[in-house]
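A.B. asks:
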Amino acid sequence: MNLIRNLKLNCLKNNTYQNIIFFSLMLLPLAFVAGPAVMEFFIFTICLSFIIIIKKEKLIFNINQKVIIILLLYLAIVFTCSFFSITPLVSLKSGIFSFRFIILIFASVYLLNNFQIACRYLLYAYLGIFLFITFDGYIQFIFDKNLLLIPPLVEIKITGMFGDEKKLGSFLSRMVPILIGLLAILSKNKSFITSFLIILISLPLIILTHERITLVFTLMTMVFTIFYFWSSFAQSKKKSALIIFLIILVPILFYSFNVGKLKERVFLTKIQISGGTENGSLVFWSNQHQAFAKTSIEIFKKNKLSGSGIKTFRKSCDQMHLQYIDNCSTHPHNIFFQLLSETGLIGISFYLIALFLTIKELFWFLFYKKKRLPYVFFLLSFFFYFNPFFPSGQFFNNWYMGIGTFPLIFYFYFKMKKRNIF
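Once you know that position 89 of the sequence shown is 90 in the numbering used here, the rest is easy, because the numbers rise by one and skip nothing.
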């Protein structure tokens, strides 16, 4: 009750538009589950409220010059690639509208800076949403229907509230590091056990979603969590050993008892990366993914400077008569190859610089104890969207860009707060 009373008192201190941003931000993960239309409504609400605040309060931001340069570069890339695109209006629309996610980050960081207790309420809300979505997924696995009476996708592929879209694993794997980061910052005494319980609760369900890459992401989160809580491991060896044992035991049991046909999936994955034969040569994830990659390179060769244009891979590959089987799709299913083909040297250079800075900070976290700061967990969640190593969704897709850039809100807020930029 005190928590709710304090929330009411703090909300009364804010103006109406700050409260709109706060409650919209609180419900944003639920909007990701509800679908792109609902997500867009909340993002639009946050951005519009922020613009009204800027106009009414005549806000002047103390933004670092590097940030301004990056924003201007981004817009320059969008305009350049759109101008030379084979479909200029389509490219310009996708590129310009993606700028709303940058406004979302600014609006959210502004809110958190002016309503600092908000982070604690966001943690409770996100943890509640995470547990609800996870519980619903297990209900679907056990009873063949979830709380909304939605059956699994293709017998054993658990999708929960996402229905016929295979996004449950993506959602959970990206939320886990965000929750661990918030717990490590806001609830230091409870964060050690709670963080591993979150991994333990979500891991079996992520396996059941059949989204293989999200399982890799979850294991990466586990590694980062072990490194971060290494001193806590040393202090409570029995608890630590039990937690690690249980987490390792889950995939072993699933494989041994073929839960969710895990054995077949492991075998099929091996066949896929071996080019379709058991002892074939390695390919880039599968013959089809490799065909997408080769097609991207061919498109890039024809438009080296600015690429074929944002969201033009389908049109470009349709115009190419190549020997690759199944080389066409809406996108190459890999961010690096998509940006290479659609934005050329201009876009890929910008991407590689941002990727280098991201990987450098993640590397420092793992190998330099002094760099193990909890806000890096938010960067890890962003990396799952930004990485060039695994198959991925459409880079400019509103849902993937929304959930992919969402953790940057907390990364920039806590990083700037640590450096006393505010």
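Backbone N, C-alpha and C define an ideal beta-carbon position, used for all residues, glycine too. Being a predicted model, the structure only gives us computed values, none of them experimental.
Based on the DSSP secondary-structure assignment, which residues constitute the bridge partners of L154?
C.D. replies: Position 153 of the sequence shown, counted from the start, is the residue given in the question as residue 154. Within the DSSP secondary-structure output, L154 pairs in a beta bridge with K158.
A.B. asks: Which runs of the alpha helix (DSSP H) spanning at least 4 residues fall entirely within the region 282-369, listed in chain order?
C.D. replies: 288-303, 314-319 and 336-368
A.B. asks: Using C-beta distances below 6 Å, list every residue in its chain close to S297, excluding the 5 sequence neighbours before and after it, in chain order.
C.D. replies: Indexing the sequence shown from 1 puts residue 297 at position 296. Once the five neighbours on either side are set aside, the close Cβ partners of S297 are P333, F338, L341 and S342.
A.B. asks: Mapping DSSP to helix, strand and coil, what is E58?
C.D. replies: Taking the first residue of the sequence shown as 1, we reach residue 58 at position 57. Correct three-state label for E58: helix.
A.B. asks: Flag this pair as touching only if the region 181-197 and the region 149-159 have three or more C-beta atom pairs under 8 Å; answer yes or no.
C.D. replies: no
A.B. asks: Assign F246 to one of two classes, buried (16 or more other C-beta atoms within 10 Å of its C-beta) or exposed (fewer than that).
C.D. replies: Mapped onto the sequence shown, residue 246 falls at position 245. Exposed, since its Cβ has fewer than 16 Cβ neighbours within 10 Å.
A.B. asks: Thinking C-beta only, is S174 closer than 8 Å to F366?
C.D. replies: Locating residue 366 in the sequence shown gives position 365, counting from the first residue. Locating residue 174 in the sequence shown gives position 173, counting from the first residue. No, they are not a contact pair.
A.B. asks: Pull up the distance between the alpha-carbon of V79 and that of S92, whole angstroms please.
C.D. replies: Counting from 1 along the sequence shown, the entry for residue 79 is found at position 78. Counting from 1 along the sequence shown, the entry for residue 92 is found at position 91. Taking the straight line from one Cα to the other gives about 8 Å.
A.B. asks: Helix, strand or coil: how does DSSP classify T210 here?
C.D. replies: Your numbering for residue 210 matches position 209 in the sequence shown. Three-state result, T210: coil.
A.B. asks: Using a threshold of 8 Å, state whether the C-beta atoms of S25 and I47 are closer than that.
C.D. replies: On the sequence shown, position 24 is the one that residue 25 refers to. On the sequence shown, position 46 is the one that residue 47 refers to. It is a contact, given that the beta carbons lie within the stated cut-off.
A.B. asks: Can you say whether K312 is buried or exposed, counting buried as having 16 or more other CB atoms within 10 angstroms of its CB?
C.D. replies: Taking the sequence shown and counting its residues from 1, the one referred to as residue 312 is at position 311. Buried, by the Cβ-count rule.
A.B. asks: May I have a chain-ordered list of the alpha helix (DSSP H) segments no shorter than 4 residues that lie completely inside the region 60-125?
C.D. replies: 66-84, 89-98 and 101-115
A.B. asks: For the alpha helix (DSSP H) containing F383, list its first residue and its last residue.
C.D. replies: Residue numbering aside, residue 383 sits at position 382 when the sequence shown is read from its first letter. Per DSSP, F383 belongs to the alpha helix (DSSP H) from V377 to F387.
A.B. asks: Of the residues F314, G310, S307 and L306, which one's Cα is nearest the Cα of K295?
C.D. replies: Within the sequence shown, numbered from 1, the residue matching residue 295 stands at position 294. Considering only alpha carbons, the answer is F314.
A.B. asks: Please report the Cβ distance between F387 and L356, rounded to the nearest whole angstrom; I am assuming they are in contact, meaning their Cβ atoms lie under 8 Å.
C.D. replies: Numbered from its first residue, the sequence shown carries residue 387 at position 386. Numbered from its first residue, the sequence shown carries residue 356 at position 355. F387 to L356, Cβ: 7 Å. Contact.
A.B. asks: Can you confirm whether the region 366-378 touches the region 389-406 when touching is taken to mean that 3 or more C-beta pairs between the two stretches lie within less than 8 Å?
C.D. replies: no
A.B. asks: Let's test the definition: count the other Cβ atoms within 10 Å of the Cβ of W231 and tell me whether it reaches 16, buried, or not, exposed.
C.D. replies: The count along the sequence shown starts at 1 and reaches residue 231 at position 230. With fewer than 16 other Cβ atoms within 10 Å, it is exposed.
A.B. asks: What's the call for S257, buried or exposed, on a 16-neighbour Cβ count within 10 Å?
C.D. replies: For the purposes of this step, residue 257 is identified with residue 256 of the sequence shown, where counting begins at 1. Per the 10 Å Cβ criterion, exposed.
A.B. asks: Looking at G348 and F1, is the spacing between their C-beta atoms short of 8 Å?
C.D. replies: With the chain covering only 2 through 423, there is no way to say anything about residue 1.
A.B. asks: Tell me the residue span of the alpha helix (DSSP H) that contains L184.
C.D. replies: Locating residue 184 in the sequence shown gives position 183, where the first residue counts as 1. Going by DSSP, L184 is part of the alpha helix (DSSP H) stretching over L169 to L187.
A.B. asks: How many whole angstroms separate the CB atoms of R344 and Q395, which I take to be in contact at a CB cut-off of 8 Å?
C.D. replies: Your numbering for residue 344 matches position 343 in the sequence shown. Your numbering for residue 395 matches position 394 in the sequence shown. Residue identity differs from the one stated: residue 344 is Thr in this sequence, not Arg. That belief does not hold up - the Cβ atoms of T344 and Q395 are roughly 14 Å apart, past 8 Å.
A.B. asks: Would the beta-carbon of L123 be found less than 7 Å away from any heavy atom of the ligand ADP?
C.D. replies: The model depicted lacks the ligand ADP and carries no ligand whatsoever.
A.B. asks: Can you tell which of F378, L128, P178 and R121 has its C-alpha closest to the C-alpha of K416?
C.D. replies: The residue labelled residue 416 in the question sits at position 415 within the sequence shown. When only C-alpha atoms are compared, the closest one is F378.
A.B. asks: May I have the straight-line CA-CA distance separating I208 from F45, to the nearest angstrom?
C.D. replies: Within the sequence shown, the letter at position 207 stands for residue 208. Within the sequence shown, the letter at position 44 stands for residue 45. Between I208 and F45, the C-alpha separation is close to 34 Å.
A.B. asks: Where does F397 fall in DSSP's three states?
C.D. replies: Residue numbering aside, residue 397 sits at position 396 when the sequence shown is read from its first letter. Of the three classes helix, strand and coil, the one that applies to F397 here is coil, per DSSP.
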